[in-house]
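Enquirer: I am attaching a structure below and will ask some questions about it afterwards.
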Amino acid sequence: MIPMKINFNGQDIEVDGKKTLLQICQDMKIAIPTLCYHASLFPEARCRICLVEMDGKLVTSCSTRPREGCKVITSSERIIKARRLNMELMVPKSPSCKKTDDLEVCEIYEQVGLNNTRFKSLKDYKPDLGDAVIRDDNKCVNCGRCVRVCADIQAVYAIDFSSRGHYEHVSPYGEKRLANVACIMCGQCILNCPVGAISERSHVEEVVAALADKKKHVVVQTAPSVRAALGELFSMPAGTLVTGKMVSALKACGFAKVFDVDLGADITIMEESAELLRRVSKGGTLPLITTCCPGWILMMEYFYPELIPHMSTCKSPHEMLGMLIKCYYAKKAGINPKDIVVVSIMPCTAKKFESTRPEMESGVDYVLTTRELGRLIKMKNIDFVKLPDSDFDPALGISTGAGVIFGASGGVMEAALRTAYEVAEGKPLPKIDFTEIRGMEGIKEGKVVLKGKEIRFACAHGGANLRKLVAMKDKYHFIEMMACPGGCIGGGGQPIYKDPDTLRKRMEAIYSADRAMKLRKSHENPIVKEIYREFLGEPGSELAEKLLHTHYKKRERF
Amino acid sequence: MQILRQTNLEALDRARNIGADAVLELLEKKGLEGRGGAAYSTARKWKRCKNAPADERFVVCNADEGEPGTFKDKFIMKYNAETMIEGMLICAHVIGAKKCYIYLRGEYEYLRKRLMQQIDDVVARSKMDVSIEIVRGAGAYVCGERTALVQSIMGFRGNPQYSPPNITECGLWGKPTVVNNVETLTCAAQAVLFDDWNANLRLFSVSGNVSNPGVYELPLGVKMSTIIDIARPKRKLKALSFGCFGGIMPVDPNMEVTPETINMEECQHGAFSAILIDETNNVVDIALSIAKFYAYESCGKCTPCREGTIRILDYLKRVKSGEAEKKELETLRELALHVQATSLCGLGQSSGNHVITSLLHFPEDYEHYINKGKAGAGAPAETAKLAQAEGKALENAATPKKARKAAKKE
């Protein structure tokens, strides 16, 4: 802290000279409009919306630090005019936007008082329709937040600016399409886009059509992290658990059965912990790396194909459950698997791509993100907030706390260890909470003794941290990788948030859901036991290998 | 010419003898200022870099002379490169740098071979443990801006960065870096050695509608009539443009050319590149040509420059075609002032100057087109034949494809 006296809006105050003017304004409860600024990204001062006056000069508050004795004015006619003209230049289209998308830019229009624009758009780009992520440069305002999050936070470097002057636009390498470059489809760029120029490839229409088809038996399964974030789309505070309302809403949408991906997570744990114990005792390739995150899978296939032997062969939870719905549930309920449509509600855009991978032989037909589910609920005119609570359908709806915590970074690891310990040692865990691998720290690690052998484990979230952990993987036996910051709760399909505290709140919601569960270990789940007894045999059996496991391949980057 | 005086490594010897602090003191006393346009005290710049805590420092010679109508750096590199290299070595000695870069304008590629020989020669003779590398610019005007230049050397997109952090504290690879113009470094060596060195002498790049374009060394405060006499225009002069970015002002033979008098006309002297425009030209054509240049050369990083320059160009095109109404000139002015006030880097901030100054000094030229549009007459004014000799840069730069073709032919 550097104490510094400045004149702030005519008032002499003492501030921290290390803070930027924007931070000082925020401390003083002044909401400066910002566009290219994002709390988690390095400020670039591109958009010139956050202008304030310092000593009579217009400066961008996001990048400027005060000088001793300087005079700062945060609002004047000149400042408002300059901000408005910049916004007008940036968005040469009528400033209308869909309130449903809750775009950040809508608020800025109001903050700068822009109703109309004198300029005609000169942009004429072809939208880039990727497998999971869609980009429309015509809507882009070149704020560069997607570029920065892709490079600085995710370390994927899939997109950057190309061309110059008025023709500057965001583009994958060599003006290629997103589908043809090393993009891991994590969707973090979507979360950071203030104008909705990047979005997921929507499957809402297809799902609506399937729901309307009388011959189809449409089944839905929801991922653990969706329940901790869906409420935000209906103006509920971040971190509200809406499990019951979500199930009611899905039933009201017309889904025949609502299942819980947590059950899939429990089965994943059974398979994965068996795989871990097998590799540890029989000397397989270690460290074993989890494969629940399709973003990480793509990153591995593009950048670290040498890690393929380390990867667990387990499919991700919703793929496992999707397979079981089509094979096990269909048989039990007496429905032709061809008539079953499986829809997954995921916090993730990469899952959309995952379910189309040929080697996955996926049982999932459509993947909707949390945002798309919100849109579907609104489209069906359901008053979400007033809905009563309901329970998942019991056929495949009982889950454990271990499945719920999959939604947060470190959760897969914790769930796997709970089961692996008890299976290996044959006695209950002394302490069920592995607090050392919880929280928002980039790389977390811990150790546990299994069968007289010390097992070191680590987990990372956010692409840049994944790369760091890959570099030091040899220190560990078991590694969990999640491509999005915070794990699935911060996934690219989640509601767009501005408050940096949101992720922590969602994470708390996940762990509180775990604490509230009676069953907190996957192997205690009665349905899991039933499925193995009646259908699969035991973890790692031939049938389980066929249905629940997959393989990976090297991908060319260009 | 003072700028052509060779120092033959004696300046470096002297700098080594008297020590770094004494060199800084000497340069401060002699009043050496940056010759790139900002006129920042060279001694102070070096001192800030020297005092910034770091294990490594860099010297960069900015030879990315992209300003239309400016060709003095090329002149120096052609005829007195050794002194410039010596200036770099002195700077490296003062701040303690082991690695220097020359950021050479892409179009000056033909100078590279000779420059490399001269570097090898001078560095070997100096017996200093310093390496000088030539980095070729890729053709962006904005890379002459020091922060963009540093990005470009590091291999990134040549986008300007905001400061602070200043380049002198956090430049190449996050280390303190001195970025100086070719002329500044040459002058630094000469200022260290020659007691009679005159800080007042500047290089003027004179071009435009004149029969004697070229580089002239003239003192500050020189009468405009002297410049006109040297340049020998064929017709009566009407306007003077300082490069692209300095603005367009009327020619007054009695004016004394100093930064202050130029500022009084709302213009900037920059690197004293005087493009003289005679009465056959309409200033709107010149402004349009400059606007094309800026719309093309904007890097696209910040909104006002990226979107503003193209809109300015649009308005000027409308003015020229006679479609514009008089009240649109107000919007044009507003845009130009906005771009000037809110852009990130020097390029953006100056990319409205030509509009502001031409509207101020030559409103009748705008009215000419507007009235013509009203009358419905279609005959265009005599096309601007602005560039001659080296001054062709302006036209070429505005239409880069043509420039590339011309470069290929050469």
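So the protein sequences, as listed, match chains A and B. Just so we're aligned, residue 95 is where the first sequence starts under the numbering used here, counting upward by one. Just so we're aligned, residue 65 is where the second sequence starts under the numbering used here, counting upward by one. Even glycine gets a Cβ: it sits at the ideal position worked out from N, Cα and C. Here the structure is a predicted model, which means the values were calculated and not measured.
1) Less than 8 Å between the C-beta atoms of GLY272(B) and ILE341(B), yes or no?
2) Residues of chain B with CB under 9 Å from CYS141(A), in chain order?
3) Using the three-state DSSP reduction, which class does LYS165(A) fall into: helix, strand or coil?
4) Using only the alpha-carbon positions, how far apart do GLU632(A) and GLU618(A) sit?
5) Do VAL352(A) and VAL341(A) count as a contact pair if the criterion is CB distance below 8 Å?
6) Could you check the C-alpha separation between GLU400(A) and CYS553(A) for me, to the nearest Å?
7) Using a threshold of 8 Å, state whether the C-beta atoms of SER269(B) and VAL256(B) are closer than that.
8) Using a Cβ-Cβ cut-off of 6 Å (strictly less than) and excluding sequence neighbours within five positions of PHE500(A), which residues of its own chain qualify?
9) Taking GLN182(B) as the reference, which of TYR358(B), MET141(B), LEU213(B) and ASN435(B) has the closest Cα?
10) Chain A partners of ALA359(B), CB-CB under 8 Å?
11) Can you give me, in chain order, the residues of the segment 110–136 of chain A that have a beta carbon less than 8 Å from any beta carbon in chain B?
12) Helix or strand or just coil, what does DSSP make of TYR172(B)?
13) Under the three-state reduction of DSSP, which class applies to CYS408(A): helix, strand or coil?
14) Taking all protein chains shown into account, decide if VAL187(B) is buried (16 or more other Cβ within 10 angstroms of its Cβ) or exposed.
15) Which complete alpha helix (DSSP H) runs does the segment 279–316 of chain A hold, if anything under 4 residues is left out?
16) Beta carbon of LEU305(A), beta carbon of VAL313(A): below 8 Å?
17) So LYS420(A) and VAL436(A) are supposed to be a Cβ contact under 8 Å. How far apart are they, rounded?
18) Within its chain, find whatever has a CB closer than 8 Å to the CB of PHE255(A); leave out the 5 residues flanking it on each side and keep chain order.
19) At a Cβ threshold of 8 Å, is LEU372(B) touching chain A?
20) Let's test the definition: count the other Cβ atoms within 10 Å of the Cβ of PRO137(A) and tell me whether it reaches 16, buried, or not, exposed.
21) Does ALA514(A) have its Cβ less than 8 Å from a Cβ in chain B?
22) List the residues of chain B that LEU197(A) touches, going by C-beta distances under 7 Å, in chain order.
23) Between THR128(A) and ILE143(A), is the Cβ-Cβ spacing less than 8 Å?
24) Are any of the Cβ atoms in chain A nearer than 8 Å to that of ASN460(B)?
25) Are there 16 or more other CB atoms within 10 angstroms of the CB of LEU563(A), so buried, or fewer, so exposed?
26) Does the structure place the segment 242–261 of chain B close enough to the segment 153–171 of chain B that three or more beta carbon pairs sit under 8 Å?
27) Please return the same chain residues whose Cβ sits closer than 7 Å to the Cβ of SER337(B), not counting the five positions on each side in sequence.
28) In chain order, which continuous runs of the alpha helix (DSSP H) of length 4 or greater are located wholly inside the segment 303–348 of chain B?
29) Given that a residue counts as buried once 16 or more other Cβ atoms are within 10 Å of its Cβ, and exposed if not, what is ASP485(A)?
30) Take the Cβ of GLY238(B) as the centre, count every other Cβ of all protein chains shown within 10 Å, and call the residue buried at 16 or more, exposed below.
31) State the start and end residues of the unbroken beta strand (DSSP E) segment that holds GLU147(A).
32) Quick check: the Cα distance between SER408(A) and THR513(A), rounded to an integer number of angstroms?
33) Can you list, in chain order, the residues of its chain with a C-beta nearer than 8 Å to that of ASN126(B)? Leave out the 5 residues immediately preceding and following it.
34) Which residues in chain B sit within 8 Å of SER410(A), going by Cβ to Cβ distance?
35) Please identify the residue among LYS114(B), ALA295(B), ALA359(B) and ASN417(B) whose C-alpha is closest to the C-alpha of TYR309(B).
36) Give the single residue among LYS567(A), LYS648(A) and LYS640(A) whose Cα lies nearest to the Cα of MET414(A).
Expert: On the basis of the coordinates in this document:
1) In the second sequence, counting from the first residue as 1, residue 272(B) sits at position 208. In the second sequence, counting from the first residue as 1, residue 341(B) sits at position 277. With a cutoff of 8 Å on beta-carbon distance, GLY272(B) and ILE341(B) are scored as near each other.
2) By 1-based counting over the first sequence, the position of residue 141(A) is 47. Within chain B, the residues near CYS141(A) are CYS366 and THR367.
3) Numbered from 1 along the first sequence, position 71 holds the residue referred to as residue 165(A). In this structure, LYS165(A) counts as strand in the three-state DSSP scheme.
4) In the first sequence, counting from the first residue as 1, residue 632(A) sits at position 538. In the first sequence, counting from the first residue as 1, residue 618(A) sits at position 524. Straight-line Cα distance between these residues: approximately 14 Å.
5) Here the question's residue 341(A) lines up with position 247 in the first sequence. Here the question's residue 352(A) lines up with position 258 in the first sequence. Taking 8 Å as the Cβ cut-off, VAL341(A) and VAL352(A) qualify as a contacting pair.
6) The count along the first sequence starts at 1 and reaches residue 400(A) at position 306. The count along the first sequence starts at 1 and reaches residue 553(A) at position 459. Straight-line Cα distance between these residues: approximately 19 Å.
7) To locate residue 269(B), count along the second sequence from 1; it is residue 205. To locate residue 256(B), count along the second sequence from 1; it is residue 192. Contact check for SER269(B) against VAL256(B) fails: the beta carbons are separated by 8 Å or more.
8) Along the first sequence, one-based indexing puts residue 500(A) at 406. Non-local C-beta neighbours of PHE500(A) in its own chain, meaning closer than 6 Å and more than five positions away in sequence, comprise PRO318, ALA359 and VAL506, ordered along the chain.
9) Along the second sequence, one-based indexing puts residue 182(B) at 118. Nearest C-alpha to GLN182(B): MET141(B).
10) Position 295 of the second sequence holds residue 359(B). In chain order: GLY259 and HIS260.
11) none
12) The residue given as residue 172(B) occupies position 108 in the second sequence. Looking at TYR172(B) - three-state DSSP - the assignment turns out to be helix.
13) Within the first sequence, the letter at position 314 stands for residue 408(A). Residue state, collapsed to three classes: strand.
14) Counting from one through the second sequence, the residue named residue 187(B) turns up at place 123. The residue is buried, with at least 16 neighbouring Cβ atoms inside 10 Å.
15) 282–286 and 298–306
16) As a first step, residue 305(A) is located in the first sequence; it is residue number 211 there, counting from the start. As a first step, residue 313(A) is located in the first sequence; it is residue number 219 there, counting from the start. No, these two residues do not count as a Cβ contact at 8 Å.
17) As a working note, residue 420(A) is residue 326 in the first sequence. As a working note, residue 436(A) is residue 342 in the first sequence. The pair is a contact, with the Cβ atoms about 7 Å apart (cut-off 8 Å).
18) As a working mapping, residue 255(A) is identified with position 161 in the first sequence. If we look at PHE255(A) and ignore the five residues flanking it on each side, its Cβ neighbours are ASN236, GLY238, VAL241, GLU262, HIS263, VAL264 and SER265.
19) As a first step, residue 372(B) must be located in the second sequence, where it is residue number 308. Here the sequence assigns Gly to residue 372(B), which means Leu is not the residue at that position. So, interface residue.
20) Numbered from its first residue, the first sequence carries residue 137(A) at position 43. By the 10 Å Cβ count, PRO137(A) comes out buried.
21) On the first sequence, position 420 is the one that residue 514(A) refers to. No, ALA514(A) lies away from the interface with chain B (no Cβ there is under 8 Å from its Cβ).
22) Here residue 197(A) is taken as the residue at index 103 of the first sequence, counted from 1. Here the premise fails: no neighbours, minimum Cβ distance about 18 Å.
23) Indexing the first sequence from 1 puts residue 128(A) at position 34. Indexing the first sequence from 1 puts residue 143(A) at position 49. Taking 8 Å as the Cβ cut-off, THR128(A) and ILE143(A) qualify as a contacting pair.
24) Mapped onto the second sequence, residue 460(B) falls at position 396. Low confidence applies to ASN460(B): its pLDDT is 47, below 50, so where it sits in the model is not reliable enough to give any reading.
25) As a working note, residue 563(A) is residue 469 in the first sequence. Counting Cβ neighbours within 10 Å, LEU563(A) comes out buried, since at least 16 surround it.
26) Short answer: they touch.
27) Along the second sequence, read from residue 1 onward, the residue named residue 337(B) stands at position 273. These residues qualify, in order along the chain: GLU131, GLY133, THR134, SER269, PHE306 and GLY307.
28) 323–328
29) The count along the first sequence starts at 1 and reaches residue 485(A) at position 391. ASP485(A) is exposed by the Cβ-count criterion.
30) Taking the first residue of the second sequence as position 1, residue 238(B) is located at position 174. That one is exposed.
31) Taking the first sequence and counting its residues from 1, the one referred to as residue 147(A) is at position 53. Note, GLU147(A): beta strand (DSSP E), 145–148.
32) Reading the first sequence from its first residue, position 314 is the one you call residue 408(A). Reading the first sequence from its first residue, position 419 is the one you call residue 513(A). Rather than Ser, the amino acid found at residue 408(A) in this sequence is Cys. Rounded to whole angstroms, CYS408(A) to THR513(A) spans 16 Å at the Cα level.
33) Locating residue 126(B) in the second sequence gives position 62, counting from the first residue. Same-chain partners within the cutoff: GLY100, TYR167, GLY208, ARG210, LEU213, VAL243, ASN244, ASN245 and VAL246.
34) Start at 1 with the first residue of the first sequence, and residue 410(A) comes out as number 316. Result: empty, since nearest Cβ-Cβ is about 37 Å, beyond 8 Å.
35) Taking the second sequence and counting its residues from 1, one reaches residue 309(B) at position 245. The sequence shown places Phe at residue 309(B), not Tyr. Of the candidates LYS114(B), ALA295(B), ALA359(B) and ASN417(B), the one whose C-alpha sits nearest the C-alpha of PHE309(B) is ASN417(B).
36) Taking the first sequence and counting its residues from 1, the one referred to as residue 414(A) is at position 320. It is LYS640(A).
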